[in-house]
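Enquirer: My numbering puts the first residue of the sequence shown at 32, with every later residue one more than the last. We put the CB at the ideal spot given by N, CA and C, even for glycine. None of the values given here were measured: they were computed from a predicted structure.
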Amino acid sequence: MKKLVCLLAVLILVGCQSHNKKSLTATQQKKLNNINSWVSDFQEAVEQRLPSASQFAGKICTIRVHQPKGTNEISNMYSEGGDAGLCDAALKALRAASDDGALPLTPDAVGENFSLDFKL
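What follows is the structure, given as structure tokens:
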């Protein structure tokens, strides 16, 4: 199965960790689980619409996304840099997932604006 790695997941996980290695509270763990579930669902929705991912092996693209709170549609997105071919394919896959209503609602902890790194 092709892999689509979201930098978002890494940034969120790092941001949720305590610097002095304390255990997460039940509330923090619930938020982290919610974010992890969202990342997985978001990733799956986009992967299903990304054709020929193998042709982009070793390529990277960063996409900036605005997904308004309470919607499963993207209102704005653009490439912030990376491989032009992958960026074009990723933008099309994101648009298709948005148009299909397949994207999960973004958790409050993530916010409406976020960047995604596509690494294949």
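What's the C-alpha gap between S71 and P135?
Expert: Residue 71 sits at position 40 when you count from the first residue of the sequence shown. Residue 135 sits at position 104 when you count from the first residue of the sequence shown. So the alpha carbons of these two residues sit roughly 10 Å apart.
Enquirer: In terms of residue numbering, what span does the beta strand (DSSP E) encompassing I91 cover?
Expert: As a working mapping, residue 91 is identified with position 60 in the sequence shown. That run of the beta strand (DSSP E) goes 91 to 97.
Enquirer: Do I91 and I117 come within 9 Å of each other at the CB atom, strictly closer than that value?
Expert: Within the sequence shown, the letter at position 86 stands for residue 117. Within the sequence shown, the letter at position 60 stands for residue 91. At residue 117 the sequence reads Leu, which differs from the Ile that was named. A contact, by the Cβ cut-off of 9 Å.
Enquirer: Find the nearest neighbour of E78 within the set T58, A121, H97, A115, judged by alpha-carbon distance.
Expert: The sequence position of residue 78 within the sequence shown is 47, counting from 1. When each option's Cα is compared against that of E78, the closest is A121.
Enquirer: Taking Cβ to Cβ, would you say A57 is nearer than 9 Å to N103?
Expert: Within the sequence shown, residue 57 is the residue found at index 26, counting from 1. Within the sequence shown, residue 103 is the residue found at index 72, counting from 1. For A57 and N103, no; Cβs fall outside 9 Å.
Enquirer: Would you please state the rounded distance, in angstroms, between the beta carbons of S106 and Q98? I believe it to be under 8 Å.
Expert: Stepping through the sequence shown from its first residue, residue 106 is reached at position 75. Stepping through the sequence shown from its first residue, residue 98 is reached at position 67. Indeed, because the Cβ distance is near 7 Å, the residues count as touching under 8 Å.
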